[in-house]
Amino acid sequence: MKTPIVLNSFIKKILLFSLIFLVGCSSTTFIYNRIDFLLPWYLESYVDLNQEQRQKLNELLEPFFEWHREEELPKYVKIIEDFESILDEKIELASIEAITHEVEQSWFRLEDNMIAWVIPMTRELSNEQITEFLQTMQTKTAQNENKYLSRNLQTYQNDNYKRIRKNLRRFIGVIGKLLLKILR
169 MKTPIVLNSF IKKILLFSLI FLVGCSSTTF IYNRIDFLLP WYLESYVDLN
219 QEQRQKLNEL LEPFFEWHRE EELPKYVKII EDFESILDEK IELASIEAIT
269 HEVEQSWFRL EDNMIAWVIP MTRELSNEQI TEFLQTMQTK TAQNENKYLS
319 RNLQTYQNDN YKRIRKNLRR FIGVIGKLLL KILR
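With the working numbering, the residue at position 111 of the sequence shown is 279, and numbering never jumps.
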């Protein structure tokens, strides 16, 4: 008799979860709009923070997220528009280089602004938390070494191709599909 209740509850949870994902225009939008929750959650997979540290992290992240939305997102739109415009003409190496440069600059700005909240956060960590963080990093590094360093050149190239295809589909959509046609 309890199984139908559990099943109904499970179905309701699945439907609610599905609805939440459908509300976002895309998975990228969904994740970006919840990054203020997801980033601290992700960071805690490396080190356990106490309540005070979580609060401090949230305070440090607020201006970072504000900066990113107000200053960086418009620059991303410009990069995508520039990319779209070169698809309408003969693609020149200089155009690809210019866009690549802009993407790199965006990455460097992101790194610089991340440091602005990471450094103060690290000052709040105890010796035990730092040890925990370093052990987690060593474990993840060893896992990645086992996963990636054993590949031969062909496997490496195939993995990169699949990763690029997946990222293009996910983040660029139609533009990515056009680029894939060009690259073939």
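A virtual CB, placed ideally from N, CA and C, is assigned to each residue, including glycine.
Keep in mind that this is a model prediction, so the values were computed, not measured.
DSSP places I254 within a helical segment (H, G or I) once states are collapsed to three. In this structure L206 is not in contact with L229, their Cβ atoms being roughly 11 Å apart against a cut-off of 8 Å. DSSP places L241 within a helical segment (H, G or I) once states are collapsed to three.
By the neighbour-count criterion, in which 16 or more other beta carbons inside 10 Å mark a residue as buried, V215 falls on the buried side.
For the set E279, A284 and L241, the Cα lying nearest the Cα of Y200 is the one of L241. Note that the C-beta distance between D204 and F251 is not below 8 Å. When secondary structure is reduced to three states using DSSP, Y214 falls in the coil class, being assigned neither helix nor strand.
For S318, no alpha helix (DSSP H) encloses it, and the DSSP letter there is neither H nor E. Annotated as proximal: K224 and E292, with beta-carbon spacing under 8 Å. DSSP places H269 in the uninterrupted alpha helix (DSSP H) bounded by L261 to T290. For N226, the enclosing alpha helix (DSSP H) stretches over residues Q219 to W235. Scanning Q219, R222 and P231 for the CA closest to the CA of I283 turns up P231. In this structure, the CA atom of L217 is about 29 Å from the CA atom of K315. Closest by C-alpha distance to H269, out of Y244, M289, R319 and P288, is Y244.
Taken through DSSP and simplified to helix, strand or coil, N295 comes out as helix.
Going by beta carbons, V271 and I247 fall inside the 8 Å limit. CA-to-CA, the gap between N226 and K258 works out to about 46 Å.
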